[in-house]
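**Q** My structure is below; once you've seen it, I'll send some questions.
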Amino acid sequence: MKRSLLIYTVLLLGTLGWAYQTWTHEDELALQDKVVIVPGTVEQLAAVSYRSEDLELSVEMRSDEHGRYGWGTLLSKKVAPAPPTPPPAEGEPAPEPPTPEAPKPRQFKVGKAGEPVFEGLAPFIAKRKLEGVGDDLAALGLDPPQGTLEITREGKEMRSFELGSNAFGDVNVYLRDPNDGAIYLVESRIIRPLLKGSTSLADTQLTGVVEADVERVTLAVGDRQVSFEQHNPDDNKARFWALPGEAEKSPEGHAWVAKALRLRSSKYVPDAEVPVDLAQAFDFQVAGDDGTVVTVEVLRNFDDQGQEQFFARSEHTRGLVLLPRSAATDASADVEAVLQAGGA
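In this note's numbering, the protein residues as written are 1 to 344.
Next comes the structure, spelled out in structure tokens:
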């Protein structure tokens, strides 16, 4: 009995060892014809930074109970021009020109546009390493460089690289390692989103669930709530929303769900600037066909001009976001009619 157990144990260990070697060997084969500048995996990526004359962008990888995500901080160094100074009254001295407001950092959660960037930087692979370049860095756009790219992996020292000035328009960009002077040719599509900052990287979605994958949306205000279920989700023309157990479209629910699912953030609100007078406008919960459930809190207050403004937060946003005033006002105005239509 013991001899049989020993034989099976040896066979099992041998099988596991063979499987591991096969798996690692496949990874090595995939990279054997390429130049690996920085090895590693996306899971080992800790931070990425891009710095230039115009902006500073850093992305820190974070994890919570909902998964792993990137959190970006963008500082634009371009100072907005000061407003024009009004002409002085007759006989009065000219007023001092206003001081331009210093730029403030902008924070945001990185969306799906960041995934190709992270995957392209871990491992960071070059098309080729240039040989015999000499000191002619200007021809490669590296004298002066466009900016600096920094990659940090868990437990490793940060790696810094100089970027050529052709990263925006060309398919490829030259990159230089200042430590040893090595110059590489890399695909600019990997780096280009970093140069654009939050314009392309910021996540504007509130739930992260595609509409075709949503099974149910529940609207709630206080103790009142009503749910709507999606029918024909794979057919854009035949898709509609109905009360649970009903086969006919709910006109009020159908129109309101479309507005709620179209809501997007316009910007993330820094923690230090979160208003203290926020009140509930309404909540809505999205349930996906894969079991995902995301609850969105929609909040409101009044700005300094007395105009109503709307905010939202959810497990997906990880923070408070400002909503476009028109779209949020439109969705909020219909809430009472939708609740009544659902008998709440």
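Think of the CB as a built atom: it goes at the ideal place given N, C-alpha and C, for glycine as much as any other residue.
1) Give the single residue among D304, A287 and L323 whose Cα lies nearest to the Cα of V214.
2) Between P275 and the rest of its own chain, which residues show a CB-CB distance below 6 Å, the 5 nearest in sequence each way excluded?
3) Which whole runs of the beta strand (DSSP E) in the stretch 267-313 are 3 residues long or more, in chain order?
4) Report the partner residues of H231 according to the DSSP bridge assignment.
5) For a test of the three-state rule: what should DSSP assign to V214, helix, strand or coil?
6) With DSSP as the reference, label G14 as helix, strand or coil.
7) Select from L142, R68, P84 and A94 the residue whose C-alpha is nearest the C-alpha of E115.
8) DSSP on A94, reduced to helix/strand/coil?
9) Whole angstroms are fine: how far does the CA of A247 sit from the CA of T329?
10) Report whether the distance from the Cβ of E101 to the nearest heavy atom of the ligand ADP is below 7 Å.
11) Please report the distance separating the alpha-carbon of G147 from that of D303.
12) Short check: CB of A357 to CB of L185, under 8 Å?
13) Can at least three beta-carbon pairs, one atom from the stretch 214-231 and one from the stretch 118-136, be found at a separation below 8 Å?
14) Between the C-alpha atoms of S58 and D235, what's the straight-line distance to the nearest angstrom?
**A** So, to answer that:
1) A287
2) N301
3) 279-288 and 293-302
4) F240
5) strand
6) Confidence at G14 is low in this model, with a pLDDT of 48, below 50, so the placement of that residue is unreliable and no value is reported for it.
7) R68
8) coil
9) 30 Å
10) Of ligands this structure carries none, so the ligand ADP is not represented either.
11) 38 Å
12) Outside the displayed span of the chain (1 to 344) sits residue 357, for which this structure offers no information.
13) no
14) 41 Å
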